[in-house]
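A short worksheet on the structure shown next.
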Amino acid sequence: MLIFIAKRLLWMVPSLFAVSFLAFVLIQLPPGDYVTTYIATLAASNEVIDQNTAAQLRERFGLDEPMLVQYFKWIWGILSRGDFGISFEWQQPVSGLIWERMALTLVLALSTLIATWAIALPIGVFSAVRKYSIGDYFFTAFTFLGLAIPSFLLALVLMYIAAVEFGQDVGGLFSSEFETAPWSIAKVLDLLSHIWLPVIILAVSSTASLIRVMRANMLDELPKPYVTTARAKGLSEFRLLVKYPLRIALNPFISTIAWLLPNLISGSVVVAIVLNLPTAAPLLLQALMAQDMYLAGAFVLLICALTLIGSLISDILLALVDPRIRLE
Amino acid sequence: MRDELLSRGVTRRAVLGGMAGVAALSIAGRVVAAGGEAPAWAQLARDGKLPPLAERLPKKPMIVTPFEKAGTYGGTLRRGLRGSSDHNGILRMVGNQSLVRWNLEFTQVVPNLAERWEINDDASQFTFYLIEGVRWSDGHAFTADDIVFAIEDCVKNSELYSSTPAQLSVAGKAVKVEKIDDFTVKFTFAAANALYLENLATPLGQHPTLFPKHYCSQFLPKYNPNIAEEVKKAGVGSWTDLFRARCGDIEIPSRWGNPDKPTLDPWVVKEPYSGGATRVVMTRNPYFWQVDTQGNQLPYIDEINFSISQDVESLMLNVISGKIDIQERHISVLSNKPTLSQNMEKGGYRLLSLVPSASQQCQIYFNMTHKDPALRKMFADKSFRQALSLAINRQELIDIVYFGQSESYQAGPRPEHPWYHERLARQFCEYDPDRAGAMLDEAGYKMNGSGLRLRPDGQKVFFTVDVIPTLYPDLVDALELVKAHWAQIGIEMKVNTIERALYYTRGDDNAHDAAVWPGPGGLDPMLDPRDFFAFHPQGSRYAIPWSLWYTSNGARGEEPPESQKKRMKLFDDARSTADLSRRGAIMTQIFDIAADEFETVGLCLAVGGFGIIRNNLHNVPEKQPDSWSWPNPGPALPQQFSFTS
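Note that the protein sequences, when read in sequence, are chains A and B. The numbers in full-length UniProt numbering rise by one with no breaks, and the one at position 225 of the first sequence is 225. The numbers in full-length UniProt numbering rise by one with no breaks, and the one at position 42 of the second sequence is 42.
Structure representation (structure tokens):
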């Protein structure tokens, strides 16, 4: 097991290089660069920038160099001194911009994961065990609704009701008095009192699909002989369910941990924008639009790194949980 | 007063006439009895933590007459920004402290930090007399040295500004700024620059008052030999990066990212605008140098809280639930008006109307300098452009896209402007597809059997029009209608919806067939005449190579035809003419030629936007110009806005 983990960790190094290079190329692919966007913004307010100035700006930002040179300078800065470069737009080191946002993104992602599982697991098991019961039909209908409603629309509707009907403060993850306060117990409680709304919105659609997956897997397992044997041996129905079929049916849940983070960041962009969440998604989107490439690159790199770590974790968990999986 | 505002065509001319005067009236002249100050400051002053009010204010502070009545201290004003690059949303509200400023009507330049000025006969030398005793927000004195430093050491530093900003250079030479005494500075231009005062009143004229010498000099190698260490400590690439991060510039986010930088604004940064920010908080400047008519120090309002919404819909939600006190930016599109009107009572606000300074809602620029010779010939054909203009059913377009709130228009100053030019504005606006067809036949673009027009070389007449849907969604709708109108006379057009950077790249490469953009120059025809001749290398999209030729003094681009060169010469003359009526006469010649040449096709007069003001917020003019040059609501002086409970 330890050898497996060490091997996997070693493999991550070339994967990260490949991924970071691809990310860098992709960010550079659209026409123009940060200077073009910058000039566009200035021109929209009637300022004239001549091409001489533009060339000098490009030189200042190192945009006139070949892409490979730019990439190696960037990656060398990260490796040698943990320097992710400067955000063109903010004139601020990238590392100062990303950590808090990434931390909040992780908090949101984990809370959504827990909420999704907490809802999907029991309902999935219930509708499998009580197949074609009224409860099953009810939850089935409910989950289809959940799948069908776009999460940004749900967010807008909930915000409208909360703001207009109840006069609640919506949007964001903190009350205004805690927004810039240092971390404290009170701030964590404040975060908890705000985070439930985005968590519900984000959990709704993934819950729906997970319930279906859980139900199908359980239905596969329930008629199997080992279940009949266990039942014949007098095991209580609850223990029986939890001990054997559930463990196996959990497989798809665990193996998708790795995708969860990138999914949450990319899938939550619109929700995060609508709800004004201080997570990575809106900043990443803006960085991509402004072609602020070091900022965008750092986000993409971190998300990729987290995906790789996530897939390692899910492999380890699978080996622990599913008796059918062995590393040999 | 409120109702008369901006509806005074005749007086406007009179006021404009008075604008070219040698010295303007001094508001700072009148001495008022020492007045009040915000209770919090009064307490601090009593505790000895802040100098008393009399020492913080200039001897003769500038007196601002409140719009309705003297206000009361207190309150937090809530306003929204959108996303992360909305720094100008702060500039418009807070950063309006230039040497001079616009009056409320956008007709006259009035004193601000300079209490008066003198201009020499050929308008090449400007001497400004500063209000004595103004202090930066950290208590340091503001003097002529700051202005000399800002221009000579910062703006003219070629490492910091690769070329001197356009406003501060004439005939390719940068302005020279000298200190006469502590409160007098002289600006000398290489040639006449009659428009300098007007330019100085726009946001881009803020350079002279942007950089406090005692603070910003520490980021210049000339004043700080140890700058290299500081650069390293800050983790940035060079001293110029450090300077920009700490001292900012007129139009970059980092201007609002450093709470330590002293300013002359009514409010100073408390919670900065940085990459991770979800809001920006500005707090009262204890040294602000303006008072109301009773001698009370401004601003009345304690704090401004800019919440950052990533999405316009959530900003709208905040507005209708009463969580925003004044807002027009981002929400002022016509389609939001019904929602905002319906929720006035619930949100406790009233509407504010904006007078557009732009001329044209949607100007179509055919690329007359196209790389493809056949298309170049077609777009350069005046009768082709005239025919296409006649084939547009403008009334239908106005009714459908602009809810009937506009009128057919081509280009030029707005009807309420004294330089309004009837022919330039109204020619070829009528809907006459038959005449359009006949004109095209005559010009050699004959219809084939399947109802499509062919060019003389036998190719189908086809071109694309570039538009940015995320920036101007209404222009996409307008173009779709125009496309249908042109199809009726056999012209095939594709609405090319593209991303913003691509739009500009295509323009820079001269790779577009045609493009649309709102046409400026309605109330400020001198500040942006891009639709009257090839003036703007990014904006005059019908002939970008010609405008490059003009801005580079013939070094780059492509030599324009005679009629363009004549207008360029005339505009240079107008720019150096201090006398307003003579300037108007020169501009009229430009309009005459532009009307003859008919280079751009316009659809309809720019439509006014609107905004909201909460009912408990007072002293806000309910009708304001809407312009970047008059950066609303800044010139309405937010420092005298006031809340009643």
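Glycine included, every Cβ here is placed at the ideal spot set by N, Cα and C.
query: Does the distance from the C-beta atom of Ala380(B) to that of Trp486(B) stay below 7 Å?
result: Position 380 of the second sequence, counted from the start, is the residue given in the question as residue 380(B). Position 486 of the second sequence, counted from the start, is the residue given in the question as residue 486(B). No, the Cβ-Cβ distance between Ala380(B) and Trp486(B) is not below 7 Å.
task: Go to Met62(B), then tell me how far its beta strand (DSSP E) extends in each direction, as first and last residue.
output: As a first step, residue 62(B) must be located in the second sequence, where it is residue number 62. Here the beta strand (DSSP E) through Met62(B) covers 62-64.
- prompt: Ala163(A) CB to nearest chain B CB: under 7 Å?
  reply: Mapped onto the first sequence, residue 163(A) falls at position 163. So yes, Ala163(A) belongs to the interface.
field: Secondary structure of Pro323(A), DSSP reduced to three states
entry: In the first sequence, residue 323(A) corresponds to position 323, counting from 1. Coil at Pro323(A), not helix or strand.
message: So Asp241(B) contacts chain A; which residues on that side make the cut at Cβ distance below 9 Å?
response: Here residue 241(B) refers to the residue found at position 241 when the second sequence is read from its first residue. Neighbours of Asp241(B) on chain A, chain order: Arg60, Ile86, Gln91.
- prompt: Which same chain residues, not among the five before or five after Val109(B), have their C-beta less than 8 Å away from its C-beta?
  reply: Within the second sequence, numbered from 1, the residue matching residue 109(B) stands at position 109. Hits under 8 Å: Met19, Ala24, Val100, Arg101, Trp102, Asn103, Leu197, Glu198, Leu200, Ala201.
- prompt: Between Thr263(B) and chain A, is there a C-beta pair that is closer than 7 Å?
  reply: Along the second sequence, one-based indexing puts residue 263(B) at 263. For Thr263(B), the answer is no, since every Cβ of chain A falls outside 7 Å of its Cβ.
- prompt: So the alpha helix (DSSP H) Lys232(B) belongs to, where does it begin and stop?
  reply: Here residue 232(B) refers to the residue found at position 232 of the second sequence. Segment 227-234, the alpha helix (DSSP H) holding Lys232(B).
task: With DSSP collapsed to three states, give me the class of Asn263(A).
output: Translated into the one-based positions of the first sequence, residue 263(A) becomes position 263. Looking at Asn263(A) - three-state DSSP - the assignment turns out to be helix.
- prompt: Would a check of beta-carbon distances place Glu271(B) closer than 7 Å to chain A?
  reply: Along the second sequence, one-based indexing puts residue 271(B) at 271. Yes, because at least one Cβ of chain A sits closer than 7 Å to the Cβ of Glu271(B).
Cβ pair Phe84(A), Ser95(A) closer than 7 Å: Here residue 84(A) refers to the residue found at position 84 when the first sequence is read from its first residue. Here residue 95(A) refers to the residue found at position 95 when the first sequence is read from its first residue. Yes; because the gap between Cβ atoms is below 7 Å, this pair is in contact.
query: Would Gly609(B) pass as a contact of Asp626(B) if the rule is Cβ separation under 7 Å?
result: Residue mapping note: residue 609(B) aligns to position 609 of the second sequence, counting from 1. Residue mapping note: residue 626(B) aligns to position 626 of the second sequence, counting from 1. Yes, the Cβ-Cβ distance between Gly609(B) and Asp626(B) is below 7 Å.
- prompt: Do you know how far the Cα of Arg414(B) is from the Cα of Lys460(B)?
  reply: In the second sequence, the residue the question calls residue 460(B) occupies position 460. In the second sequence, the residue the question calls residue 414(B) occupies position 414. Rounded to the nearest angstrom, the two C-alpha atoms are 37 Å apart.
query: Closer than 7 Å, Cβ to any Cβ of chain D: which residues of the region 92-106 of chain A, in chain order?
result: Reference to chain D is not applicable here, since the protein chains of this structure are A and B.
task: Out of Asp145(B), Pro299(B), Ser169(B), Phe128(B), point me to the one whose CA is closest to Phe643(B)'s CA.
output: Along the second sequence, one-based indexing puts residue 643(B) at 643. Among Asp145(B), Pro299(B), Ser169(B), Phe128(B), the Cα nearest to that of Phe643(B) is on Pro299(B).
- prompt: Under 7 Å between C-beta atoms, does Thr36(A) make it to chain B?
  reply: Mapped onto the first sequence, residue 36(A) falls at position 36. So, interface residue.
field: Contacting residues, own chain, Cβ-Cβ under 6 Å from Tyr503(B) (five flanking each side not counted)
entry: Here residue 503(B) refers to the residue found at position 503 of the second sequence. Here the set comprises Asp466, Ile468.
- prompt: Since Val274(A) contacts Phe152(A) with CB under 8 Å, what's their CB separation in whole angstroms?
  reply: Here the question's residue 274(A) lines up with position 274 in the first sequence. Here the question's residue 152(A) lines up with position 152 in the first sequence. Going by Cβ atoms, the distance from Val274(A) to Phe152(A) rounds to 5 Å, so yes, they are a contact pair.
message: Between which two residues does the beta strand (DSSP E) holding Lys7(A) run?
response: Translated into the one-based positions of the first sequence, residue 7(A) becomes position 7. No beta strand (DSSP E) holds Lys7(A); the alpha helix (DSSP H) holding it covers 2-28.
message: Please return the same chain residues whose Cβ sits closer than 6 Å to the Cβ of Val204(A), not counting the five positions on each side in sequence.
response: By one-based count along the first sequence, residue 204(A) stands at place 204. Once the five neighbours on either side are set aside, the close Cβ partners of Val204(A) are Gly146.
query: Whose C-beta lies closer than 8 Å to the C-beta of His194(A) among residues of the same chain, with five residues either side of it excluded?
result: What you label residue 194(A) is simply residue 194 of the first sequence in a count that begins at 1. Cβ within range, chain order: Gly172, Leu173, Phe174, Ser175.
task: Give the straight-line distance between the Cα atoms of Gly29(B) and Asp182(B), rounded to the nearest whole angstrom.
output: Working through the second sequence from its first residue, we reach residue 29(B) at position 29. Working through the second sequence from its first residue, we reach residue 182(B) at position 182. Summary for Gly29(B): the model assigns pLDDT 41, below 50, so the residue's position carries little reliability; its value from the coordinates is reported in the next sentence. Going from the Cα of Gly29(B) to the Cα of Asp182(B) covers about 18 Å.
message: So with CB distances below 9 Å, who are the chain A contacts of Arg279(B)?
response: Reading the second sequence from its first residue, position 279 is the one you call residue 279(B). Within chain A, the residues near Arg279(B) are Gly172, Ser176, Glu179, Thr180.
query: For Asp136(A), which of helix, strand or coil comes out of DSSP?
result: As a position in the first sequence, residue 136(A) is number 136, starting the count at 1. Three-state DSSP puts Asp136(A) in a helix.
- prompt: Can you check whether the CB of Tyr349(B) is closer than 7 Å to the CB of Ile612(B)?
  reply: By 1-based counting over the second sequence, the position of residue 612(B) is 612. By 1-based counting over the second sequence, the position of residue 349(B) is 349. Yes, the Cβ-Cβ distance between Ile612(B) and Tyr349(B) is below 7 Å.
- prompt: With 7 Å set as the bound, which would you pick, yes or no: does the beta-carbon of Tyr196(B) sit closer than that to a beta-carbon of chain A?
  reply: Indexing the second sequence from 1 puts residue 196(B) at position 196. So no, Tyr196(B) is outside the interface.
task: For Glu313(B), return the contacting residues in chain A, with the cut-off set at a CB-CB distance below 8 Å.
output: Within the second sequence, the letter at position 313 stands for residue 313(B). Correct list: Leu156, Val274.
- request: Going by CA-CA distance only, name the one from Glu165(A), Phe299(A), Ile211(A), Phe144(A) that's closest to Gly347(B).
  value: The residue given as residue 347(B) occupies position 347 in the second sequence. Looking at the Cα atoms, Glu165(A) is the closest of the given residues.
query: Would you call the region 370-377 of chain B and the region 428-436 of chain B touching, i.e. three or more CB-CB distances under 8 Å?
result: no
message: Using a Cβ-Cβ cutoff of less than 8 Å, which residues in the same chain neighbour Thr72(B) once the five nearest sequence positions on both sides are dropped?
response: As a working note, residue 72(B) is residue 72 in the second sequence. Result list for Thr72(B): Tyr300, Ser642, Phe643, Thr644, in chain order.
- request: Please check if any C-beta of chain A sits within less than 7 Å of the C-beta of Ala501(B).
  value: As a working note, residue 501(B) is residue 501 in the second sequence. Judged by the 7 Å Cβ criterion, Ala501(B) is in contact with chain A.
- prompt: Taking DSSP as the reference, what is the three-state secondary structure of Arg30(B)?
  reply: On the second sequence, position 30 is the one that residue 30(B) refers to. Caution is warranted here: a pLDDT of 45 is assigned to Arg30(B), below 50, making its placement in the model unreliable, and no coordinate value can be reported.
query: Leu277(A) and Arg101(A): beta carbons closer than 7 Å?
result: Counting from 1 along the first sequence, the entry for residue 277(A) is found at position 277. Counting from 1 along the first sequence, the entry for residue 101(A) is found at position 101. Result no, Cβ atoms of Leu277(A) and Arg101(A) do not sit closer than 7 Å.
- request: Using a cut-off of 7 Å between C-beta atoms, extract the partners of Pro253(B) located in chain A.
  value: Indexing the second sequence from 1 puts residue 253(B) at position 253. Within chain A, the residues near Pro253(B) are Glu89, Trp90.
message: Please tell me whether Ala230(A) has its Cβ less than 7 Å away from any Cβ of chain B.
response: Start at 1 with the first residue of the first sequence, and residue 230(A) comes out as number 230. Closer than 7 Å: no.
task: Under 7 Å between beta-carbons, which chain B residues line up against Ala290(A)? List them in chain order, please.
output: Residue mapping note: residue 290(A) aligns to position 290 of the first sequence, counting from 1. Within chain B, the residues near Ala290(A) are Ser85.
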